[in-house]
Amino acid sequence: MAFQNVISISGGKDSTAMLLLALERGTPNLVPVLADTGHEHPKTYEYIAYLEQALGLEIQRVQADFTADFARKRQYIADHWPDDLKERGMAALQHTTGIPFLDLAMLKGRFPSTKAKFCTGELKSLPIQQQVEMPLLRAGHRVISWQGVRKEESPARQRLPHSELLDLGIIAYRPILEWSVAEVFAMHHKHRIEPNALYSQGMSRVGCMPCINARKGEFAEIASRYPEVIERVAEWERIVSAASKRGVATFWPARGATDVSLKRHGIHSVVDWSRTSRGGRQFDLIASSEGPACSSVYGLCE
Ligand code: SF4
């Protein structure tokens with residue numbers, strides 16, 4: 409029975425530094441894995457390919473598949489939705505798109521948010537557990553799950569132990585818990601590995617683009633550098649709205665608003681707000697985004 413070291417790679421600085429540390433130590437049985445949400449920027453996919461080439465290893469890709477959930481949801485709609493909404497709901501959920509982030513939002517009839525952060529678990533933790541860790545356990549291996557979390561990221565992470573036994577007998581291991589950002593980038597420099605280019609383009613974190621935790625300034629930056637990302641999200645808002653019982657679903661929740669519409673609360677209005685200096689219309693979710701990057705104790709979102 410061999411130990412298998414599963415290292416979740418996001419394309420961000422922390423997981424990259426952790427992978428470099430594992431390689432530096434000569435850690436055996438490395439299983440680097442990317443949980444692909446389908447909502448990452450192309451530069452992140454390019455960066456994953458760069459890491460594979462520069463480090464001479466393969467990073468396994470896993471994706472959540474919601475095909476069976478769509479079938480269950482269609483049945484639920486047929487059984488429980490009002491007659492005048494059934495046709496729209498059933499049609500919207502006829503097929504998955506194959507984009508995990510979008511499929512999950514369609515299934516829920518809403519986008520994830522800082523208060524309903526179901527994305528990390530459904531799009532990252534579960535696929536890695538089901539498609540990588542469980543098969544290893546079934547084959548008789550012990551699994552060590554390397555998690556690239558750092559204490560200085562959030563109060564919740566300050567309370568995390570360096571290692572602990574998780575469900576299913578998986579051992580969580582957090583080797584860079586005490587590291588500073590400077591140490592993380594120093595690790596890249598030491599091994600002559602470039603950080604993801606998105607860090608030099610105004611992004612404070614790398615993962616989904618945009619992440620539900622993105623800061624106000626990041627929206628203006630994304631809109632100016634990558635307007636196609638904003639257009640993609642606007643299209644997703646229309647798709648998820650069709651699958652929503654309410655008939656409208658905005659990427660950023662319009663909390664407190666009584667008459668929600670894509671025109672007044674959709675991603676384009678968030679971008680307009682992000683270009684204001686102080687004040688402007690308030691989007692409470694974004695206002696709260698100065699907090700921790702992600703609540704995942706698995707370190708799956710950076
Ligand atoms: S990167 Fe952000 S949006 Fe993507 S799964 Fe993690 S918390 Fe959710």
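The sequence shown runs 409 to 710 under the working numbering.
In this text, a Cβ means the ideal position worked out from N, Cα and C, and glycines have one as well.
- [ ] Please report the residue range of the beta strand (DSSP E) in which Trp554 lies.
- [x] Looking at the DSSP string, the run of the beta strand (DSSP E) that includes Trp554 is Arg550 to Trp554.
Task: Span of the alpha helix (DSSP H), counted from its first residue to its last, around Ser682 - done: Ile675 to Ser682 is the span of the alpha helix (DSSP H), which, as asked, contains Ser682.
Open item on the list: Between the segment 546-564 and the segment 412-420, can you find at least three pairs of beta-carbon atoms closer than 8 Å?
Closed with: Short answer: they touch.
Open item on the list: Tell me which residues share the same chain as Gly419 and place their Cβ nearer than 6 Å to its Cβ, disregarding the 5 neighbours each side in the sequence.
Closed with: Counting only Cβ-Cβ distances below 6 Å, and skipping sequence neighbours, we find Thr452, Tyr455, Ile456, Asn604 and Val614.
- [ ] Please classify Val592: is it buried, with 16 or more other beta-carbons within 10 angstroms of its beta-carbon, or exposed?
- [x] Per the 10 Å Cβ criterion, buried.
- [ ] Look at the alpha carbon of Glu643 and the alpha carbon of Trp587, and state the distance between them as a whole number of angstroms.
- [x] Glu643 and Trp587 have their C-alpha atoms spaced approximately 39 Å apart.
Open item on the list: Under 8 Å, with one C-beta from each stretch per pair, do the segment 469-486 and the segment 627-646 reach the 3-pair mark?
Closed with: Contact fails: fewer than three Cβ-Cβ distances are below 8 Å.
TODO: Can you tell me which of the three DSSP states Glu495 falls into?
DONE: The three-state reading of DSSP puts Glu495 in helix, counting H, G and I together.
TODO: Determine the DSSP secondary structure at Val648, reduced to helix, strand or coil.
DONE: Correct three-state label for Val648: helix.
- [ ] Reducing DSSP to helix, strand and coil, say where Tyr634 ends up.
- [x] Correct three-state label for Tyr634: coil.
Open item on the list: Does Glu698 pass the burial test, meaning 16 or more other C-beta atoms within 10 Å, or should it be called exposed?
Closed with: Any answer about Glu698 is weak, because its pLDDT of 38 lies below 50 and its placement is not dependable; what the coordinates show is given next. Counting C-beta atoms within 10 angstroms of its own C-beta, Glu698 has fewer than 16 neighbours from the protein chains shown and is therefore classed as exposed.
Task: Collapsed DSSP secondary structure at Pro603 in the structure displayed - done: Of the three classes helix, strand and coil, the one that applies to Pro603 here is coil, per DSSP.
Open item on the list: If I follow the unbroken beta strand (DSSP E) through Val470, where does it start and stop?
Closed with: Gln468 to Val470 is the extent of the beta strand (DSSP E) around Val470.
Open item on the list: If you follow the beta strand (DSSP E) that Phe411 is in, where does it begin and where does it stop?
Closed with: From DSSP, the beta strand (DSSP E) with Phe411 extends over Phe411 to Ser416.
TODO: Please name the residue, chosen from Ala657, Ala462 and Ala650, that lies closest to Ala499 on a Cα-to-Cα basis.
DONE: Nearest option by C-alpha distance: Ala650.
Task: Nearest candidate by alpha-carbon position, reference Gln461, set Arg663, Pro520, Arg600 and His570 - done: Of Arg663, Pro520, Arg600 and His570, the residue nearest in Cα terms is Arg600.
Open item on the list: Spatial neighbours of Leu574 within its chain, please: C-beta separation below 6 Å, excluding the five flanking residues on both sides.
Closed with: Around Leu574: Ala580.
Open item on the list: I'd like to know whether the C-beta atoms of Leu493 and Gly655 end up nearer to each other than 9 Å.
Closed with: Closer than 9 Å, so yes.
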